[in-house]
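Chemist: From first to last, the protein sequence lines stand for chains A and B.
Counting along the first sequence from 1, when you hit position 132 you're at 1170 in our numbering, and nothing is skipped either side.
Counting along the second sequence from 1, when you hit position 275 you're at 316 in our numbering, and nothing is skipped either side.
Just so it is clear, CB atoms sit at the ideal spot from N, CA and C, and this is done for glycine as well.
What you are looking at is a predicted structure, and each value in this text was computed from that prediction instead of being measured.
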Amino acid sequence: MFDFSWVDFNLFEVTYDVVVFVVGITAVLAALGVILCSSPIYCALYLIGHMMCLALLFLLYHAEFIAAVQIIVYAGAVMILFLFIIALLGGKKEKQEFSFHKFMALGFVGILSAELMLSARVGKTQPVEGMFTPAKITEVGSAKAVGIELFSRHLVPFELASILLLVAAVGVICLAKFPLKPLRRRAR
Amino acid sequence: MIDDIVHFFEPYIYLIVGGVKAIIIAVALTAVVPGLVWLERRLMGRFQVRLGPNRVGPFGLGQPISDSIKLLFKESIIQSSADKFLFHLAPAIVVFTAILSFAVIPITQPFEIFGQTIGPWIANIDSGILFIFAISGMGIYGKVIAGLSSNSKYSLMGGLRSSAQMISYELTLGIAALSIIVMTGSLNLVDMVKSQEAVPFILVQPLAFLLFFIAGVAETNRAPFDLPEAEQELVAGFHTEYTGMKFAMFFMGEYINMVTMSSLVTLLFLGGWNTYILPQNALTGFLAFAFKVLFLLCFFIWLRSTFPRIRYDRLMTFGWKFLLPIAIFNLLLTSALKVL
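(1) In chain order, which continuous runs of the alpha helix (DSSP H) of length 4 or greater are located wholly inside the region 269 to 336 of chain B?
(2) Can you tell which of PHE341/B, ALA289/B, ASN315/B has its C-alpha closest to the C-alpha of THR301/B?
(3) Would you verify that the beta carbon of GLY1062/A is, or is not, closer than 8 Å to some beta carbon of chain B?
(4) Roughly how many whole angstroms lie between the Cα atoms of HIS280/B and LYS111/B?
(5) Taking the continuous beta strand (DSSP E) assigned at PHE152/B, which residues delimit it?
(6) At a CB distance below 9 Å, what residues from the region 182 to 210 of chain B approach chain A? Give them in sequence order.
(7) Between VAL231/B and ILE243/B, what straight-line distance do the alpha-carbon atoms span, to the nearest angstrom?
(8) Listed in chain order, which residues of the region 157 to 176 of chain B have Cβ atoms closer than 8 Å to some Cβ of chain A?
(9) May I ask you to report which of helix, strand or coil DSSP gives LEU375/B?
(10) Skipping 5 residues on each side, what residues in its chain have a beta carbon closer than 8 Å to that of GLY1062/A?
(11) Mind checking whether SER107/B and VAL97/B have CB atoms under 8 Å apart?
(12) Please say whether ILE1109/A and MET179/B have beta carbons closer to each other than 8 Å?
(13) I want to verify the contact list: residues of chain B whose CB lies under 7 Å from the CB of VAL1208/A, in sequence order.
(14) In whole angstroms, give me the CA-to-CA distance for VAL417/B and GLU295/B.
(15) Mind listing which residues of the region 1180 to 1209 of chain A have their C-beta closer than 8 Å to chain B's C-betas, in chain order?
(16) Cα separation between GLY1087/A and ALA1068/A?
(17) Terminal residues of the continuous alpha helix (DSSP H) containing ILE110/B?
(18) Extract the residue ranges of the alpha helix (DSSP H) inside the region 1075 to 1148 of chain A, only unbroken runs of 4 or more that lie entirely within it.
(19) Quick one: is PRO161/B buried, meaning 16 or more other Cβ sit within 10 Å of its Cβ, or exposed?
(20) Determine whether the beta carbon atoms of ALA187/B and GLY169/B lie at a separation below 8 Å.
(21) Check ILE342/B in the structure and name its three-state DSSP category.
(22) By the criterion of Cβ-Cβ separation under 9 Å, what are the contact partners of MET179/B in chain D?
(23) Can you pull the DSSP bridge partners for ILE159/B?
(24) What residue does the alpha helix (DSSP H) around LEU77/B start on, and which one ends it?
(25) At what residues does the alpha helix (DSSP H) containing PRO265/B begin and finish?
(26) Helix or strand or just coil, what does DSSP make of PHE1059/A?
(27) Would you kindly check if the distance between the Cβ of LEU248/B and the Cβ of ILE1079/A is under 8 Å?
(28) Beta-carbon of ILE1079/A versus every beta-carbon of chain B: anything under 8 Å?
(29) So what does DSSP say about VAL97/B, is it helix, strand or coil?
(30) Closest to VAL1184/A by CA distance: which of VAL1107/A, VAL1060/A, ILE1123/A is it?
(31) Using a 10 Å radius around the Cβ and a threshold of 16 neighbouring Cβ atoms, would you call GLY1209/A buried or exposed?
(32) Answer yes if the region 212 to 228 of chain B comes into contact with the region 282 to 290 of chain B, meaning at least three C-beta pairs across the two stretches below 8 Å, and no otherwise.
(33) Please classify ASP267/B as buried or exposed, where buried requires at least 16 neighbouring CB atoms within 10 angstroms.
(34) Inspect the beta-carbon positions of VAL306/B and PHE253/B and report whether they are closer than 8 Å.
(35) Would you report the Cα separation of CYS1075/A and VAL1066/A, rounded to the nearest angstrom?
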């Protein structure tokens, strides 16, 4: 009869690796699409795709809570506002022309790749050791783990970030709602 | 040989079970849609003192079949100024997200079959309720993209309204659900139902139920919150330019979203599969769940035929200045009571 013992690799692990690789490559391609596409609507859609891929990566690394939050906050709330603005202002294709900005962009690309090489020279990144081990996270759940860490150890930076966002919101309302000089209405 | 094959697949049995469950739920959801359309038309007829569809088959039950055949064979017209790729993508997104968000909904209690304990859900993930909010938030892109790609004023306005309405009412929805999360201390839907074994949360949190239901009606774009497709002002909103099956797919998405939202309300507030009066097992659990969902669906239809559509600025004022403060107040009160 047939012998299946020659199948010595773990099907699940191989599939997992392949899926992680494909999602990662898609994320990079989508990120390239954001900066290379000329139509603003497609740029926004590529950005949404990129964020979905990041959420999928989080999901593949068993961080369900972070994945859900990533989709709700970035792919959901932030990007819908982007699309809203594009729809309101009318997305027109940009003209491609050679300019000083391109040289600046090239410079940035050079700096980034140099930094990438430097970081590759330094070696592997080290995981940050905390109170949570994988066993403990499966016990309490990833949402609780994130919550405990965020509201105990990183409370001050968290609150500072929320104050920063509040200041930005108040500033936008001030700019939009109360102009220094009252606008002159056109005579009817 | 069969033994070998069985032995080879044994470690992956949960994948096979999951796949079968996924297929069953996806097919059941899409099959529910024509029935729901029929129910809505019959009930609307009764509410408006007329008969509704009653010519095709007994009680007009053949009407949804004939309608779907008609929609399938209609010519698909795409105007030349539309963005073809996005135009095709939009209805697919709507249906895909609508079916996907049902994946974490448990429809009855776990039961045993062939010695395997089977959970009646596709996935029982740790933060199930967040998953539903996330995926149903993605569904709105289908509507916005439909509005943008159609290259028509009515569609664009429909898409814009859709996104604005979504952002406004998602907050209330989330905060109303948060008070339940605070009470149960878990984001898992199964845990939430289990903590309602004694008493459903609608009796403990009536205000949160009301807020959640109103925001849920607004989220599914049903009347009286159907501003994105207001027939009298926007022709048909974001799906003005769509024909044939692509047009029908938007409706499929809307009806599946209705089912998902009703299931979510059932799980969060009405005690899910808890029967309370009947003996509790998987079958009665499913019947109780189905009954509650069907009741809520009829309630949706009842709302549609009772209330007129509200004005756009009133919609925004209602959402931001009335529902949201009450929801935040309710959340604060719940958390304070929980801590005390």
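Modeler: Considering the structure as presented:
(1) The qualifying runs are 272 to 275, 285 to 310.
(2) The option with the nearest alpha carbon to THR301/B is PHE341/B.
(3) Not an interface residue.
(4) Cα to Cα, the separation comes out at about 18 Å.
(5) In this chain, the beta strand (DSSP E) harbouring PHE152/B covers 152 to 154.
(6) Flagged, chain order: TYR182, VAL185, ILE186, GLY188, LEU189, SER190, LEU197, GLY200, LEU201, SER204, ALA205, MET207, ILE208.
(7) So the alpha carbons of these two residues sit roughly 17 Å apart.
(8) Under the 8 Å Cβ criterion, the region 157 to 176 of chain B contributes ILE166, ASP167, SER168, LEU171, PHE172, PHE174, ALA175, ILE176.
(9) Checking the sequence, you will find Thr at residue 375/B rather than Leu. Here THR375/B sits in helix by DSSP.
(10) Short of 8 Å from the beta carbon of GLY1062/A, and not among the five residues preceding or following it, lie these beta carbons of its own chain, in chain order: CYS1091, LEU1095.
(11) Yes; because the gap between Cβ atoms is below 8 Å, this pair is in contact.
(12) Going by beta carbons, MET179/B and ILE1109/A fall inside the 8 Å limit.
(13) Under the 7 Å cutoff, chain B gives no residues; its nearest Cβ is about 17 Å from VAL1208/A.
(14) Nothing about residue 417/B can be read from this structure; chain B reaches only from 42 to 381.
(15) Correct list: SER1180, ALA1181.
(16) Roughly 6 Å between the two C-alpha positions.
(17) Membership of ILE110/B in the alpha helix (DSSP H) is indicated by the continuous run 104 to 114.
(18) List check, alpha helix (DSSP H) in window: 1078 to 1098, 1102 to 1108, 1117 to 1127.
(19) A residue is called buried once 16 or more other Cβ atoms fall within 10 Å of its Cβ, and PRO161/B is buried on that count.
(20) Contact flag unset, no.
(21) In this structure, ILE342/B counts as helix in the three-state DSSP scheme.
(22) In the displayed structure, chain D is absent; the protein chains listed are A and B.
(23) Under the DSSP definition of a beta bridge, ILE159/B partners with PHE152/B.
(24) Segment 54 to 88, the alpha helix (DSSP H) holding LEU77/B.
(25) For PRO265/B, there is no enclosing alpha helix (DSSP H), as DSSP marks it with neither H nor E.
(26) Three-state result, PHE1059/A: helix.
(27) In this structure, ILE1079/A sits away from LEU248/B, with a CB-CB distance that is not shorter than 8 Å.
(28) It does; some Cβ of chain B falls within 8 Å.
(29) Coil at VAL97/B, not helix or strand.
(30) Checking every option, the nearest Cα to that of VAL1184/A belongs to VAL1107/A.
(31) Under this definition GLY1209/A is an exposed residue.
(32) A contact is defined here as three or more CB-CB pairs under 8 Å, and the region 282 to 290 of chain B fails this definition with respect to the region 212 to 228 of chain B.
(33) Flag for ASP267/B reads buried.
(34) Cβ distance < 8 Å, so VAL306/B and PHE253/B count as in contact.
(35) The alpha-carbon atoms of CYS1075/A and VAL1066/A are separated by roughly 14 Å.
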